[in-house]
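Peer 1: Once you know that position 21 of the sequence shown is 345 in the numbering used here, the rest is easy, because the numbers rise by one and skip nothing.
Positions of the beta carbon are idealized from the N, C-alpha and C atoms, including for glycine.
I have a structure here, written as structure tokens, and I will follow up with some questions on it.
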Amino acid sequence: MRSEREGVVVEGFAAAPSLTRANALGQYLFVNGRPVRDKLIIGAVRAAYSDYLPRDRHPVVALFVTLDSAEVDANVHPAKTEVRFRNAGLVRALIVHALKDGLAREGKRTAANSDWRGACFVPPVIRAARQLGLAAFAGLSDRTAALV
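Below is the structure:
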């Protein structure tokens, strides 16, 4: 999935609603290449999946938000894991729109016209984390990494 508006680009991979976790640790979020645990982004992901998932389940996603560095403050948290966007409403709306659009497109696929990857996008998520050298950050086990 990819979406862009006013210089903000959101791209990444999202699992089908059938693949969830009990916590948000399956969500890999990056802003300008930096791994973050941002409440605004996590809330946007939750909002996008709200029609598909019960409250106690969390989707698996890898999202990459790219924007001008002047539009984001990375010095909000000492560990730099939280950020503050100058136009937080735009970023949130773009994430929600991109995910909802991707989920709606995926929902139109049927078992008859989809391959094994149609049900979930986890292999690309794992590949993306590995390519970025983030296997440890992503919490990938040796067993999971061997599947890719």
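In angstroms with no decimal places, state the Cα-to-Cα distance between Ala428 and Arg370.
Peer 2: Here residue 428 is taken as the residue at index 104 of the sequence shown, counted from 1. Here residue 370 is taken as the residue at index 46 of the sequence shown, counted from 1. Going from the Cα of Ala428 to the Cα of Arg370 covers about 15 Å.
Peer 1: Who are the near neighbours of Arg478 in its chain, counting only those whose CB is closer than 6 Å to its CB and skipping five residues on each side?
Peer 2: This structure cannot settle anything about residue 478, because the visible part of the chain is limited to 325 through 472.
Peer 1: With distances taken from CA atoms, which of Glu406, Glu395, Leu343 and Asn356 is nearest Leu414?
Peer 2: One-based indexing of the sequence shown puts residue 414 at position 90. Among Glu406, Glu395, Leu343 and Asn356, the Cα nearest to that of Leu414 is on Glu395.
Peer 1: Measure the alpha-carbon distance for Ala339 versus Gly431 and round it to whole angstroms.
Peer 2: Within the sequence shown, the letter at position 15 stands for residue 339. Within the sequence shown, the letter at position 107 stands for residue 431. Approximately 12 Å, taken between the alpha carbons.
Peer 1: Taking Ala368 as the reference, give the member of Pro359, Val389, Arg358 and Gly357 with the closest Cα.
Peer 2: As a working mapping, residue 368 is identified with position 44 in the sequence shown. For the residues Pro359, Val389, Arg358 and Gly357, the minimum Cα distance to Ala368 belongs to Val389.
Peer 1: Between Asp362 and Val407, is the Cβ-Cβ spacing less than 8 Å?
Peer 2: Numbered from its first residue, the sequence shown carries residue 362 at position 38. Numbered from its first residue, the sequence shown carries residue 407 at position 83. Their beta carbons are under 8 Å apart, which means Asp362 touches Val407 by this criterion.
Peer 1: Return the CA-CA distance between Asn411 and Glu335, expressed in angstroms with no decimal places.
Peer 2: For this step, residue 411 is matched to residue 87 along the sequence shown. For this step, residue 335 is matched to residue 11 along the sequence shown. Between Asn411 and Glu335, the C-alpha separation is close to 18 Å.
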